[in-house]
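The block underneath contains the structure these notes are about, expressed in structure tokens.
There are 6 protein chains.
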Amino acid sequence: MNFIGAEHAFADANVVLFGAPYDSTTSFRPGTRFGPSAIRTESFGIETYSPYQNRDLETDSRVHDSGDIELPFGAPDRALDMIEARANEILAAGKVPFLLGGEHLVTLGAVRAAAKRFPDIRIIHFDAHADLREDYLGVKLSHACVMRRCHDILGDGRIWQFGIRSGTRDEFAFMKAGHVVSEPFSAKTLSSLSFPNGTPVYLTVDLDVLDPSEFPGTGTQEAGGLRFAELHSALCEILTRFNVVALDNVELSPALDSSGRSTALACKLLREELLALAS
Amino acid sequence: MNFIGAEHAFADANVVLFGAPYDSTTSFRPGTRFGPSAIRTESFGIETYSPYQNRDLETDSRVHDSGDIELPFGAPDRALDMIEARANEILAAGKVPFLLGGEHLVTLGAVRAAAKRFPDIRIIHFDAHADLREDYLGVKLSHACVMRRCHDILGDGRIWQFGIRSGTRDEFAFMKAGHVVSEPFSAKTLSSLSFPNGTPVYLTVDLDVLDPSEFPGTGTQEAGGLRFAELHSALCEILTRFNVVALDNVELSPALDSSGRSTALACKLLREELLALAS
Amino acid sequence: MNFIGAEHAFADANVVLFGAPYDSTTSFRPGTRFGPSAIRTESFGIETYSPYQNRDLETDSRVHDSGDIELPFGAPDRALDMIEARANEILAAGKVPFLLGGEHLVTLGAVRAAAKRFPDIRIIHFDAHADLREDYLGVKLSHACVMRRCHDILGDGRIWQFGIRSGTRDEFAFMKAGHVVSEPFSAKTLSSLSFPNGTPVYLTVDLDVLDPSEFPGTGTQEAGGLRFAELHSALCEILTRFNVVALDNVELSPALDSSGRSTALACKLLREELLALAS
Amino acid sequence: MNFIGAEHAFADANVVLFGAPYDSTTSFRPGTRFGPSAIRTESFGIETYSPYQNRDLETDSRVHDSGDIELPFGAPDRALDMIEARANEILAAGKVPFLLGGEHLVTLGAVRAAAKRFPDIRIIHFDAHADLREDYLGVKLSHACVMRRCHDILGDGRIWQFGIRSGTRDEFAFMKAGHVVSEPFSAKTLSSLSFPNGTPVYLTVDLDVLDPSEFPGTGTQEAGGLRFAELHSALCEILTRFNVVALDNVELSPALDSSGRSTALACKLLREELLALAS
Amino acid sequence: MNFIGAEHAFADANVVLFGAPYDSTTSFRPGTRFGPSAIRTESFGIETYSPYQNRDLETDSRVHDSGDIELPFGAPDRALDMIEARANEILAAGKVPFLLGGEHLVTLGAVRAAAKRFPDIRIIHFDAHADLREDYLGVKLSHACVMRRCHDILGDGRIWQFGIRSGTRDEFAFMKAGHVVSEPFSAKTLSSLSFPNGTPVYLTVDLDVLDPSEFPGTGTQEAGGLRFAELHSALCEILTRFNVVALDNVELSPALDSSGRSTALACKLLREELLALAS
Amino acid sequence: MNFIGAEHAFADANVVLFGAPYDSTTSFRPGTRFGPSAIRTESFGIETYSPYQNRDLETDSRVHDSGDIELPFGAPDRALDMIEARANEILAAGKVPFLLGGEHLVTLGAVRAAAKRFPDIRIIHFDAHADLREDYLGVKLSHACVMRRCHDILGDGRIWQFGIRSGTRDEFAFMKAGHVVSEPFSAKTLSSLSFPNGTPVYLTVDLDVLDPSEFPGTGTQEAGGLRFAELHSALCEILTRFNVVALDNVELSPALDSSGRSTALACKLLREELLALAS
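Chains as they are written, first to last, in the working numbering: chain A, 1 to 279; chain B, 1001 to 1279; chain C, 2001 to 2279; chain D, 3001 to 3279; chain E, 4001 to 4279; chain F, 5001 to 5279.
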């Protein structure tokens, strides 16, 4: 079973979906492991055509869905290695890897692969939470530390954060010290963001950046988030204006939303991202 | 059990509620059959007075609630005939039929009755979905085709659509070709809409036009919808500015919203529509 | 995606699963359309090995899962034709069709196919409800009439019912008149049931025959049902003692059981039936 | 809306249903106020015919459903007075009042009325909890004290309890001292219970006497309860062998059981009691 | 277990939290009794640091959490006395009592205590409902009458209401007659509100003033409410601009929101209020 | 917050409760991390008195509740070390450690501590699943391998399993080869089990040994389990007849049971075990 419209063979595709159904380090309510399969199953409830972009997955995109990696719960080191390996294979074939989480920690595997291939890569990060802790209860490979681990790899001034509205005083001090560039609460400065021509970009979207009223299906909900329309236009802008070489959507936890609208939104957003990538 | 405040006898009423608890052609998640009874039961949780309009159902309206039609599941032809017959009885008595769905297909029964009596009728249609398919898996009497079937009856330029944000490429092409008039995503052009004096209007409101955050209790949720305040003011405008001779609210599926707020919203909106009709 | 362990090609299999995700005539709470896909997805939560029978789907069975038929909602005639056609193909290839519902009406399609090929076929029927109405609200192709329609085909004395504990006075009178053979409330007489050697048998299991405490995930729950252990041993006996040429499991409605145990039970029972068939 | 089959006028009936949607003293999870309306609405999912008793509500009973009393939340004294008044009216007309709770406190209103009219009345009580506290947090009119309040009226040796499996040490000491007659955990001694001919009996059934697997829809669930079949046969025996002059079923809390089977069971049990009363 | 960061001893604190888990007069769906404990338990899912105010509960506030009062269900008079007594103790110690409901009736206990100590007190009231009925089904101590009871104490022109969007015609007439000052639907006039220097203010926040999309976890949901950002900034303004001497947050009913986001929002808002109070 | 009646200081207690809220290796549906806190919170819904044993936690037991260990998600090695350390402290003080899971892997920490102190210890194990895999997806520290890891420590013939009804062919072969002693499906041979006088016993109860109808709140449900009454009497027998030096109850996943009865049952069973231990 693949995501709707993602029916190209690997060889023919320019974008490759892969799922990392992993949530072992989730500190509050687990369940994101069921995100990728929910997205595939429920994708048959949406259309392949986007009236926003006037494009259709069936005719205007070349996407392969390579399914989920079977990851060992309780062994984050090995899980990250497996994710990095898969992302690397896709990058090596000259294609864009699109990772579906799982908890946010999985991003680290894909970023490692992308940073090896594109040493000057930048990260654009949407999230309700800063994820900049040095460690969480002594554990360094935790969802709550994932952007700090990315910073370990990339160094200062390479990560742009939007929509952050929760964190410790230390995490916000880390932002304010300029280690990362952050626009808390919103994403209004995106239009003025520019990179040197062709700069490779990794885009990571923790879906809890959305307001919990529109996206309750996530483990740690923070009131006061972005609306779908805001996130939709921000992502379309990024995917058309920048050279996104790898990306992910993470933290959908389907069972926490009995109405199903969070999964439906995640499917719709994924369609829009795939079509914007194809433009 | 009747809708709160709808306690007039048929003979004394100028508006007549009737329910069509039918969802046999629903292609995704069924359950709208429970819409009409949920609206009646939960209506006792709202007030009869509207502070928006400073009117009260008990003193300012004359509404009869004629209950639900017992429809045969799995036999859409007969179900539509029964709905048409009931709508016809109400129209024949010089009253306004107000149909509560049920899936959107039920609209077709009421439109047939209204179009026979008012051949120059226009339809104003609020929905997330175009519902303009020629057929769905070979079936022509499907919720996904209902506005196309209405177009079969009325012809070009007689249907106005607001808020549509999902459909196939073909359906959007049908709009763009001018067969129907459509404002996708929103309802901002409503204020400039005008008809010749006294033109009869059928108003059909698929409640999934609302944003799923405000109205999760529906089978096929589409992010990016109208807010309650927008829909409320649009409907009040239509009901006071135009000659609405028949109308419906459809696609509430109560069990999909465990919080109950979708049914509560549907009750409140119905009160507001009844009071606007009474003005 | 197939049922766990059902990985043989059609040509190599002796049993063929197929799903009929249909519930358009359901008169109370719909949702059985999601039964077949839930069974496939959740089957990966059970083992392929049965400690009850000391057999393993991977080594001791030859099952092909041919997926679901895409059925048109709201058109029961055509749906039954499509089910009959699929069952016929499987029977024509000398294999046993195993139908997964969907509502109980789908049984009629498979029974038609089986009765044409095996004119002397008997039906063994487990259910909480008699399903012997002549019609339901004037509709003859309804889940509530399915065994009556089977009786129309087979005539008197060819249907054995177990576990029935709900019906109208007329339905129970129909049983008592001997048109069908019925043991209400339980299945204790099964051990004394015998047929002439090689008599072909159709086995239909409406899972609501189980007690709602063990199987809440069905639309019309009747207290006082069979326990899993009783149904399990009854089905194993039937499948090893009789010549079952076609069979079905119907009426799982996954969303009505938020705990998921109904789907888990349905998966386990299906494994046990497949292994008993293979003995 | 009435309970299915309870369509006789008051004057023609010999049994009169009335609801007391009250739960203000519930100490754990409230919600039984929704019990009576759920029973009425969902009763249309069961048949009027009982295959257990071969009787049908439509032809073999004469029941009037007088609807719910609108009780003031937060004022138990007044609520009990209103319940007593209604029960008294029914008794005065020579009919059997059948009260639907609500929390167990409501029983006290009906017992007061019955004890005035039948001073030698006995109570047969099914429950998981003893309900024999002298007070609860200083409050005497509490669901946790209802049988103690009944004992205040009737005195020693007039109350028979079955199925009790929870209480304080003091409550069990009260039983052991013989103030009430109690068979904890089960109802096996019922068959040996006898009263002088014609002794009036009040039957009160707290539905949480059932095992929570079969009846999860109640506020305080106690594992190890009666099975439906046990309670069913016990109640049928009581209603046919004794002179039951008033009775109640209490403590259904529909929203706590998302599967709906608790309400379905309550409907079925009520049908069976009405038919046994009619024998 | 205390609210996160509220770890000061009573003697050291300037603000004292206390819970009133009471909902006996709730007329629709009860459950607010579980509000205070849910807020404490779930508070460990939020941070103590506020990026909105750049303050941290751990370093910038002095809050004591005195736990819940054990209130007798079904005895509102006694419950209010107990609440008043606790509020009085806190006020007598020169601290600010912060009451967590429970239903809105509990406010009356705290207002009584505050009005005795500060006879010239004003009330600022956020709510979807006017709560200005003279009585409800004959009961004067009801959640639906709580602001009318406050008016009985304070008299005309002392209560300011924001966000009201539901009530009877009589309640809105009471507002229009000037007995209370009301801005229906919104809170835009707050910035122009001013009191004589040092005027003591009681702030009562019925959380159902929020839009049900953001806060579904409450018993009587009214579409068209305030957004979190609006309420957040309004409360921060009040708490920094006025002399708030006592306050409450009421009507969270956690079980009505299976996603948990309502409780999460209530925790976040409480943190923000405590930090604004500390400024 | 402690378990009801567990109010002794550590020094005065003979039994010490401690929670291990950990589920990082859960392979299907996580959520057991919330088990210990749910048991504590909901324990206030049961009585301290047992009518089964005529004992009361308040007067007849000496239990200390030492709360939960804060375990690092995603680091099973460290988590097990922390659990072992806590169990060791309790054993070193001459008390019985009673561990509340969490997933079944946590048992390994407590068994390690107990086996060091009591080298001749036996394990009695109740479970639906054998948990005897050598590894799971290459991981050895997994819930699915926990009894195999215990066997690694203790060797052949030291583990008795009851109620197992699911496993791979290899796991059942491991049993049949005599490495562990197993009674699949039931616990009828328990009465004939005897050990040399004073033999130390570790008792581990995976609550999914219960039938899912009585205990749906667990991640991997297997139909055909033990009834509460069976498990209750088995555990009381073990705790009174054998020298149980350490024990655990694991695998309650509260959120999977929206009715709450699984947590209620777990509380009641824990009370019964504590009282049987105290005899």
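Note that beta-carbon positions come from the ideal geometry of N, C-alpha and C, so glycine has one too.
Contact annotation for residue 2023 of chain C against chain B: 1030 [CB-CB distance below 8 angstroms, chain order]. Residue contact with chain D for residue 4074 of chain E: present (Cβ-Cβ distance below 8 angstroms to some residue of chain D). Going by DSSP, residue 5016 of chain F is part of the beta strand (DSSP E) stretching over 5015 to 5020.
Nearest CB-CB separation between residue 1132 of chain B and chain C: not below the 8 angstroms threshold. Here DSSP, grouped into helix, strand and coil, assigns residue 5148 of chain F to helix.
Proximity to residue 38 of chain A across A:220, A:170, A:263 peaks at A:263, based on C-alpha coordinates.
Here the stretch 3048 to 3055 of chain D makes no contact with the stretch 3071 to 3088 of chain D; the two share fewer than three CB pairs at distances below 8 angstroms.
When secondary structure is reduced to three states using DSSP, residue 4168 of chain E falls in the coil class, being assigned neither helix nor strand.
With 16 or more other CB atoms across the displayed protein chains lying within 10 angstroms of its CB, residue 95 of chain A is buried. Selection F:5052, F:5120, F:5032, F:5021 evaluated against residue 5071 of chain F yields F:5021 as nearest (Cα-Cα).
For residue 2233 of chain C, the enclosing alpha helix (DSSP H) stretches over residues 2228 to 2241. The beta-carbon distance between residue 1239 of chain B and residue 1214 of chain B, rounded to whole angstroms, is 20 angstroms. This is too long to meet the 8 angstroms contact definition.
Cβ proximity to chain B below 8 angstroms picks out 4216, 4217, 4220, 4221, 4222, 4223, 4224 from the stretch 4215 to 4234 of chain E.
In the structure shown, residue 1097 of chain B falls within a strand segment according to DSSP collapsed to helix, strand and coil. Taking a contact to require three or more Cβ pairs closer than 8 angstroms, the stretch 4102 to 4114 of chain E and the stretch 4202 to 4211 of chain E qualify as touching. Within 9 angstroms of the CB of residue 56 of chain A, the CB atoms of chain B belong to 1168, 1169, in sequence order along the chain. Rounded to whole angstroms, residue 226 of chain A and residue 2029 of chain C show a C-alpha spacing of 36 angstroms.
Contact between residue 5143 of chain F and residue 5062 of chain F does not hold, since their C-beta atoms are separated by about 32 angstroms, which reaches or exceeds 8 angstroms. For residue 2036 of chain C, there is no enclosing beta strand (DSSP E); the enclosing alpha helix (DSSP H) covers residues 2035 to 2042. What residue 2257 of chain C touches in chain D, judged by beta-carbon distance under 9 angstroms, is 3258, 3259, going in chain order. Cβ atoms of residue 4253 of chain E and residue 4035 of chain E come within 8 angstroms of each other, at about 7 angstroms. Counting C-beta pairs with one atom in each stretch, the stretch 53 to 62 of chain A and the stretch 5124 to 5140 of chain F have fewer than three that are closer than 8 angstroms, which means they do not touch. The bridge partners DSSP lists for residue 2203 of chain C are C:2124, C:2247.
Annotated as proximal: residue 4099 of chain E and residue 4248 of chain E, with beta-carbon spacing under 8 angstroms.
Around the Cβ of residue 4216 of chain E, a 10 Å sphere holds 16 or more other Cβ atoms; the residue is buried.
Contact between residue 169 of chain A and residue 4056 of chain E holds: CB atoms are separated by about 5 angstroms, below the 8 angstroms threshold.
DSSP places residue 2081 of chain C in no beta strand (DSSP E) but in the uninterrupted alpha helix (DSSP H) bounded by 2076 to 2092. For residue 4213 of chain E, the residues of chain B that pass the 7 angstroms Cβ criterion are 1213, 1214, in the order they occur in the chain. Sequence-ordered contacts of the stretch 2157 to 2191 of chain C with chain D read 2165, 2166, 2167, 2168, 2169, 2172, 2184 [C-beta pairs closer than 7 angstroms].
Between residue 246 of chain A and residue 4200 of chain E, the alpha-carbon positions lie close to 57 angstroms from each other. At a C-beta separation below 9 angstroms, residue 1264 of chain B has these neighbours in chain E: 4212, 4220, 4221, 4222, 4223.
Residue 4033 of chain E sits away from residue 4001 of chain E, with the two beta carbons spaced by 8 angstroms or more. In the DSSP assignment, the residues bridged to residue 1162 of chain B are B:1126, B:1183. Against chain B, the CB of residue 2137 of chain C has a partner CB under 8 angstroms away; the residue lies at that interface. Taking a Cβ-Cβ cut-off of 9 angstroms, the neighbours of residue 70 of chain A in chain F comprise 5137, given in sequence order. For residue 5262 of chain F, the uninterrupted alpha helix (DSSP H) run begins and ends at 5261 to 5277, by DSSP.
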